[in-house]
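Protein chains in written order, with my numbering: chain A, -7 to 111; chain L, 9 to 427; chain X, 732 to 1215. Yeah, the Cβ is synthetic: ideal placement off N, Cα and C, and Gly gets one too. Just so we're clear, the structure is a prediction, and the values are computed from it rather than from any experiment.
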């Protein structure tokens, strides 16, 4: 399969043309440096994203509390993770940095609160 | 009327106001922030995505986390804060200023020696852009949509078109998609995107959202709620109607630039620059009105909050010098935007101290030479790669560079040229 | 008589319907206004230039001309009683050639014949003295000092408030779809199955007066919509004339103007374009270009940078261009008030008197002045531009004055709550009543705050609040956990 990517490693923003077969990246072009090839490999074979969202809470002041993953998580898990977050109702108080969801689906990624809420 | 006295009053408790405030307070001056919303942090509170703090803290934080770092510093440095309080007038009585603010408790007159303007900016809206068509419900700025979704928890619509490829618009494309809405496309009038490449990749490409470069919305259609938009190629400064196509949607978000919000400043006698929409400030971040300072997006629109904080810390330090009356007595000279530069802030320099300047280019360059000159003498030069108008540039003028200038502080000119 | 039977029902609550309503409420009558929108002034009268005209634009032979002058003269008393924003700014018609000066002389003669007080022809020097912002190339022009500007929606709202205070019923969301007459009473039915009965019906339905006439088996005429696009400039725009500046008029319209609105902003427009669709309130790119070109020709300092919003309005125009105000020859106990285009706003108070005269003389309705009639309405204090001391006093009485909701136009929570309690529960209703969201940010900062206040005061969930009724919802539903 052929796919175009914009490299986000440096401000040059190279447009990288890639080709993959079932399991591996077979062709990369358009990148001006080796970091581009590495980026393309990661993006195509095991892409990861930091996920941010708001979670419903029992607080009058802040009925939705911002949360994020503490590191990037596999793109395949994003949709499930969002579903899980939206279905929770958080009891306040909460503290910034404290964990809402631990080790989501054994990914090693936690969801943490981005904001402290007193009540 | 309640009367209170502080050494410094900071108007607006967003990123700029917070940084300025704790930097003044840590020098021992009594400081208060006046904030019209119900909490400190400003727009950062609704920017729940990550990408903040890379320069300042060396890690990627979300907006609320970044804000909370400064809110903690504000509290630790004993800054008073007045929330749900709106400043509506600033009066000068010689060296003293009176800042009038209203809240449910009444009007408070804050008497102070230094006022820092840090009110931020507002978004350009449909009227500013002159987008034709009907006037249904469902047209809003990206910031309002962001507020509705990220703070109030409401999905603004189910099917959206975003006008403008600025970062807020791109971030909202992802936010809407992750919240269950469909984003039909992003329409950008310029031939290149305004937002960061990373946001194009992760907010549009990830969801296969089309980006229409060099296009404009030539009409919004719909009676009660938006039903569709007409999209036309933008050629020679006008929409080319023959190439028009329709996109169905129930929501139009506008993310097409920000305007420093200076109505209060103007009323206080502060002069504004046409290039930035913000006040002219000297090397102490002071406006033309002695004792009134400005920093952050009210001064000029930044693309990174890290730079807002840095500039505001500098502003805070300058206010400390002002309040301590140990300002450098040397004269200030003008520093002006030369070839290919839209503006430079501050607009004055002084010799003997290192000073940071922020600027924007007028066009994109792959390789550019930044040249700082005084008459024919080059003070310094630096090669810059990938200069783009949406990305602010900065440089520091060191005492060594200005060493040779005479006492009259002649004008310095800054330019960018293709190499 | 049934409890839902009225002596008079007015269809429509634009400036004409509201003016008639208020006058009706000063008599011993049982009267109601039915309105298809959720609020008054949501039709033709909303998108109006807000000018109180100078009685020189129309020929003496027309009904328009007579009612225009009379209506103009009635504004001072109404303003005193109702307190809506109104100012006699004066009108200048600016001529740029000797050819245009010829038309100015004709207008002057026409004005004098109509009885317009104080109008004069001015040379360029006098005009530039009166109005330093005019293009210095001006040849001369007409000056009508007794013309002015009004905030049209505030005017209409205050009329409706006064009418309701004096016992008139205001029935909202009532779109007339059917009627019947039994020789004594009209039965009027709405699209949602409600009904009111009335001895007399007044057709003040604006753009849809033709449709209403048809429903009541009245005269067959056609209302042609004529569109006008306008641009509103920030109150900080340097283009802020003292007078309303007109060009020398074209055949079908008074031309595109520069208007110093009574609220302190500057408005430019309107265009004049015959269209077919009565719902077409769209603006176009090419008209924007035209408006700016023409306005800049008259007044300096007009810049697109200062545009805060644009809109378009539709004038309800009859074939012969004049007003149609008479007892229907075809429908019984039915009065036509149709084709009320410019200068309809100016003439409205006089139109109301004219209609009451028809009711009494032609229809034999007995009119007896209400002894208990209260001409004044309560006025809500506004915080815009007041001194810190005065604001402090207001907050002490009502802390909601301390919460500034709309930062651009300085509207407090107290004013928003007042609007809601007076029945304005849509975003547009509150906007037109209070000016919240009319400033430079156009609601970017205050919309969510107003949504919350409406919801708190009325119990309407936020995702059910509309901009102007029907399906004009502001936002979708709240995130509930289900990702779709």
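task = Below 8 Å between beta carbons is the criterion; list the residues of the stretch 96 to 116 of chain L that meet it against any residue of chain X, in chain order.
result = 96, 97, 108, 110, 111, 112, 113, 114, 115
Note to self: Within 10 Å of its beta-carbon, does residue 246/L have 16 or more other beta-carbons around it, so buried, or fewer, so exposed?
What the structure shows: What you label residue 246/L is simply residue 238 of the second chain in a count that begins at 1. The residue is exposed, with fewer than 16 neighbouring Cβ atoms inside 10 Å.
I'd like the span of the beta strand (DSSP E) that includes residue 390/L, first residue to last. Walking along the second chain from the start, residue 390/L turns up at place 382. It spans 385 to 395 - the beta strand (DSSP E) in which residue 390/L sits, taken as one unbroken run.
_For residue 17/A, list the residues DSSP reports as bridge partners._
Residue 17/A sits at position 25 when you count from the first residue of the first chain. In the DSSP output, where bridge partners are listed per residue, residue 17/A has 12/A.
Q.
Any beta carbon of chain X sitting closer than 7 Å to that of residue 156/L?
A. Indexing the second chain from 1 puts residue 156/L at position 148. Chain X, which has a Cβ nearer than 7 Å to the Cβ of residue 156/L, makes this yes.
### Query
In angstroms, rounded to a whole number, what distance separates the CA positions of residue 194/L and residue 1177/X?
Taking the first residue of the second chain as position 1, residue 194/L is located at position 186. Taking the first residue of the third chain as position 1, residue 1177/X is located at position 446. In a straight line, the C-alpha of residue 194/L is about 25 Å away from that of residue 1177/X.
Check your understanding: In the DSSP assignment, what residue or residues form a beta bridge with residue 743/X?
Key -> On the third chain, residue 743/X is found 12 positions in, with the first residue counted as 1. Paired residues: none, contrary to the question.
Report task. Put residue 1117/X into one of helix, strand or coil per three-state DSSP. Result -> By one-based count along the third chain, residue 1117/X stands at place 386. Three-state DSSP puts residue 1117/X in coil, outside helix and strand.
For this session: Tell me whether residue 123/L sits in a helix, a strand or coil according to DSSP, three-state version.
Result: Position 115 of the second chain, counted from the first residue, corresponds to residue 123/L. In the structure shown, residue 123/L sits in a strand (DSSP, three-state: E or B).
Contact criterion: CB-CB distance below 7 Å. Does residue 1135/X meet it with respect to chain L? For the purposes of this step, residue 1135/X is taken as residue 404 along the third chain, with counting starting at 1. With 7 Å as the cut-off, residue 1135/X counts as an interface residue toward chain L.
Buried or exposed for residue 872/X, please, with buried defined as at least 16 other CB atoms from any protein chain shown within 10 angstroms of its CB. Within the third chain, the letter at position 141 stands for residue 872/X. Residue 872/X comes out buried.
- Query: What does residue 300/L pair with, by DSSP beta-bridge criteria?
  - Reply: Residue mapping note: residue 300/L aligns to position 292 of the second chain, counting from 1. DSSP lists 123/L as partners of residue 300/L.
Fill in: Whole-angstrom distance between residue 362/L and residue 406/L, CA atom to CA atom
Taking the first residue of the second chain as position 1, residue 406/L is located at position 398. Taking the first residue of the second chain as position 1, residue 362/L is located at position 354. Looking at the two C-alpha atoms, the distance is approximately 4 Å.
Margin query: Spatial neighbours of residue 1100/X within its chain, please: C-beta separation below 7 Å, excluding the five flanking residues on both sides.
Written below: Indexing the third chain from 1 puts residue 1100/X at position 369. Excluding positions up to five away in sequence, the list reads 757, 758.
Can you list, in chain order, the residues of its chain whose CB lies under 7 Å from that of residue 1091/X, leaving out five sequence neighbours each side? Taking the third chain and counting its residues from 1, the one referred to as residue 1091/X is at position 360. Result list for residue 1091/X: 1098, in chain order.
- Quick check: the stretch 108 to 118 of chain L against the stretch 1124 to 1138 of chain X, are there 3 or more CB pairs under 8 Å? yes
Exercise. Return the residues of the stretch 1108 to 1126 of chain X that lie within a Cβ-Cβ distance of less than 7 Å from chain L, sorted by chain order.
Key: 1119, 1120, 1122, 1123, 1126
What does the alpha-carbon distance come out to for the pair residue 100/A and residue 85/A?
The residue labelled residue 100/A in the question sits at position 108 within the first chain. The residue labelled residue 85/A in the question sits at position 93 within the first chain. Going by the C-alpha atoms only, they are around 25 Å apart.
(message) Contact criterion: CB-CB distance below 7 Å. Does residue 162/L meet it with respect to chain X?
(response) On the second chain, position 154 is the one that residue 162/L refers to. By this cut-off, residue 162/L is an interface position.
Residue 220/L: first and last residue of the uninterrupted beta strand (DSSP E) it sits in: Residue mapping note: residue 220/L aligns to position 212 of the second chain, counting from 1. From DSSP, the beta strand (DSSP E) with residue 220/L extends over 219 to 221.
Cβ pair count under 8 Å reaching 3, the stretch 311 to 322 of chain L against the stretch 54 to 65 of chain L: yes
| said: So, under 8 Å CB-CB, residue 865/X and residue 975/X are touching, yes? Tell me the CB distance rounded to an integer number of Å. | reply: As a position in the third chain, residue 865/X is number 134, starting the count at 1. As a position in the third chain, residue 975/X is number 244, starting the count at 1. About 12 Å; that fails the 8 Å criterion.
| message | If you follow the alpha helix (DSSP H) that residue 891/X is in, where does it begin and where does it stop? | response | For the purposes of this step, residue 891/X is taken as the residue at position 160 of the third chain. Taken as a continuous stretch (DSSP letters only), the alpha helix (DSSP H) holding residue 891/X covers 883 to 896.
Check your understanding: What beta strand (DSSP E) runs, 3 residues minimum, are completely inside the stretch 981 to 1026 of chain X?
Key -> 988 to 991, 997 to 1000
key: chain X contact residues for residue 227/L, given Cβ-Cβ distances below 7 Å   = As a first step, residue 227/L is located in the second chain; it is residue number 219 there, counting from the start. Here the neighbours are 1013.
For residue 1045/X and residue 747/X, believed in contact at Cβ under 8 Å, the rounded distance = Along the third chain, one-based indexing puts residue 747/X at 16. Along the third chain, one-based indexing puts residue 1045/X at 314. The pair is not a contact, with the Cβ atoms about 15 Å apart (cut-off 8 Å).
Please check if any C-beta of chain X sits within less than 7 Å of the C-beta of residue 145/L.
-> Within the second chain, residue 145/L is the residue found at index 137, counting from 1. Residue 145/L counts as touching chain X.
**Report entry** residue 799/X versus 990/X, 1111/X, 1182/X, 1081/X, residue with shortest Cα-Cα distance
**Finding:** Taking the first residue of the third chain as 1, we reach residue 799/X at position 68. When each option's Cα is compared against that of residue 799/X, the closest is 1081/X.
Contacting positions in the stretch 1188 to 1204 of chain X - beta carbon closer than 9 Å to chain L
1193, 1194, 1197, 1198, 1199, 1200, 1201, 1202, 1203, 1204
* Which chain L residues sit within Cβ distance under 9 Å of residue 90/A? -> Position 98 of the first chain, counted from the first residue, corresponds to residue 90/A. Ordered by position in chain L, no residue passes the 9 Å Cβ test against residue 90/A, which lies about 12 Å from the chain.
Extent of the continuous alpha helix (DSSP H) to which residue 800/X belongs: The sequence position of residue 800/X within the third chain is 69, counting from 1. Where residue 800/X is concerned, the enclosing alpha helix (DSSP H) stretches over 794 to 813.
Would you decide whether residue 958/X is buried or exposed? Buried here means 16 or more other CB atoms lie within 10 Å of its CB. One-based indexing of the third chain puts residue 958/X at position 227. It counts as buried.
Please classify residue 200/L: does DSSP put it in a helix, a strand, or coil?
Taking the second chain and counting its residues from 1, one reaches residue 200/L at position 192. The answer is coil: DSSP assigns residue 200/L none of H, G, I, E or B.
Strictly below 8 Å CB to CB, what residues from chain L border residue 56/A? Numbered from its first residue, the first chain carries residue 56/A at position 64. Residues of chain L passing the Cβ test: 158, 159, 160, 161.
Quiz item: For chain X, is any of its Cβ atoms less than 7 Å away from the one on residue 130/L?
Solution: Residue mapping note: residue 130/L aligns to position 122 of the second chain, counting from 1. Output row for residue 130/L: interface = yes.
Consider the Cβ of residue 206/L: report whether some Cβ of chain A lies at a distance smaller than 7 Å. Locating residue 206/L in the second chain gives position 198, where the first residue counts as 1. Interface residue, yes.
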